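Q:
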Amino acid sequence: MIHQLLAEFMGTALMIVFGVGVHCDEVLKETKYRGSGHIFAITTWGFGISIALFIFGNVCINPAMVLAQCVLGNIPWAHFVPLSLAEVLGGIIGAVIVYIMHADHFKASEGDIDPVVIRNIFSTAPGIRNLPRNFFVEFFATFVFIASILAISEVKTPGIVPIAVGLLVWAIGMGMGGTTGFAMNLARDMGPRIAHAILPIKNKANSDWQYGILVPGIAPFLGGLCAALFMHGFFGIS
């Protein structure tokens, strides 16, 4: 259990180093990759998740996937909360590491970049705020994400799962990410959102906890639950 907790913590932290890191590179002043665009960012998220899965192996790095595995009987229900908390903590630490790496660029950006844009480096936000629709987007994207991973995991060819999951993230990001930023993961959003709230960033925007808890917080759990039930009931996956 301790090994699994550490793997989930470190795997999530590494995922966030890649993901929040690429947003820093794309947004902050004086980085070499400023203005590179969404394709650059989404591709880095996909590759970064693949690397985390290659290194740490059989990890969820997503509380929605932990829930799905509990529903399928692959993880004991007693482990649900500890593993999820380890992932959220990994998200916090990963975002803090990214901040330390980019501290000079955050300072260079003070007063020149909208505080909301700075907050959105860390956490997701909708293009148009419509909470019921935003909730549905995150629910459906997570449903497709978790269901696809469960299907991919049935392929036993060594090394195929991390690569395929990275491509899946790339595809969902491109096809479904333009409305809410495709969090699909409480730890991915809540961990860095908490980090943004506690880091010494000047002129911070509010943390928008209403959106953070409702949309990238709750919706992925519902999507993961439905994905597990669907894949088990329709395909017999367990």
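Residues 605 to 842, numbered by our numbering, are exactly what the sequence shown covers, in order.
Cβ coordinates follow ideal geometry from the N, Cα and C atoms, glycine included.
Note that the coordinates shown come from a computational prediction; the quantities given were computed from them, not determined experimentally.
#1: Could you check the C-alpha separation between Thr728 and Val765 for me, to the nearest Å?
#2: Please report the distance separating the alpha-carbon of Asp812 from that of Lys636.
#3: If we count Cβ pairs, one from each stretch, closer than 8 angstroms, do we get three or more for the stretch 815-822 versus the stretch 734-746?
#4: From Ala791 to Ala799, what does the alpha carbon distance come to, in whole angstroms?
#5: With hydrogens ignored, establish whether the beta-carbon of Phe740 is closer than 7 angstroms to any heavy atom of the ligand SAH.
#6: Looking at the structure shown, is Gly715 part of a helix, part of a strand, or coil, going by DSSP?
#7: Could I get the ranges of all uninterrupted beta strand (DSSP E) runs contained in the stretch 747-834, with 3 residues as the minimum, in chain order?
#8: My output table needs one value for Arg723: the three-state DSSP class, helix, strand or coil.
#9: Considering only C-alpha positions, which residue in the set Phe838, Val748, Pro667, Phe744 is nearest to Gly694?
#10: Suppose the cutoff is 6 angstroms on Cβ atoms and the five residues either side in sequence are ignored; what does the same chain contact list for Val578 look like?
#11: May I ask which residues mark the beginning and end of the alpha helix (DSSP H) holding Ser688?
#12: From which residue to which residue does the alpha helix (DSSP H) around Thr648 run?
#13: Just how far apart, CA to CA, sit Trp711 and Lys760?
#14: Tell me whether Asp716 is buried or exposed, calling it buried when 16 or more other Cβ atoms sit within 10 Å of its Cβ.
#15: Where does Trp649 land, buried or exposed, given buried means 16+ other C-beta within 10 angstroms?
#16: Would you check if the stretch 669-686 and the stretch 772-787 touch, i.e. whether three or more CB-CB distances between them fall below 8 angstroms?
#17: So for Thr728, helix, strand or coil by DSSP?
#18: Note down, in chain order, each residue of its chain lying with its Cβ closer than 6 angstroms to the Cβ of Met788, except the 5 sequence neighbours on either side.
#19: In three-state terms, what does DSSP make of Pro680?
A: Taking the coordinates as given:
#1: 26 angstroms
#2: 30 angstroms
#3: yes
#4: 11 angstroms
#5: This structure lacks the ligand SAH; in fact it carries no ligand of any kind.
#6: Here DSSP, grouped into helix, strand and coil, assigns Gly715 to coil.
#7: none
#8: helix
#9: Pro667
#10: The question about residue 578 has no answer here: the residues shown for the chain are numbered 605 through 842.
#11: 684-705
#12: 642-660
#13: Per the sequence presented here, residue 711 reads as Lys, with Trp not at that position. Cα to Cα, Lys711 sits roughly 47 angstroms from Lys760.
#14: Burial state of Asp716 is exposed, judged by a 10 Å Cβ sphere holding fewer than 16 other Cβ atoms.
#15: Classification for Trp649: buried.
#16: A contact between stretches requires three or more CB pairs, one per stretch, nearer than 8 angstroms, and the stretch 772-787 fails this requirement with the stretch 669-686.
#17: Three-state result, Thr728: coil.
#18: Ala745, Thr746, Phe749, Pro824
#19: coil
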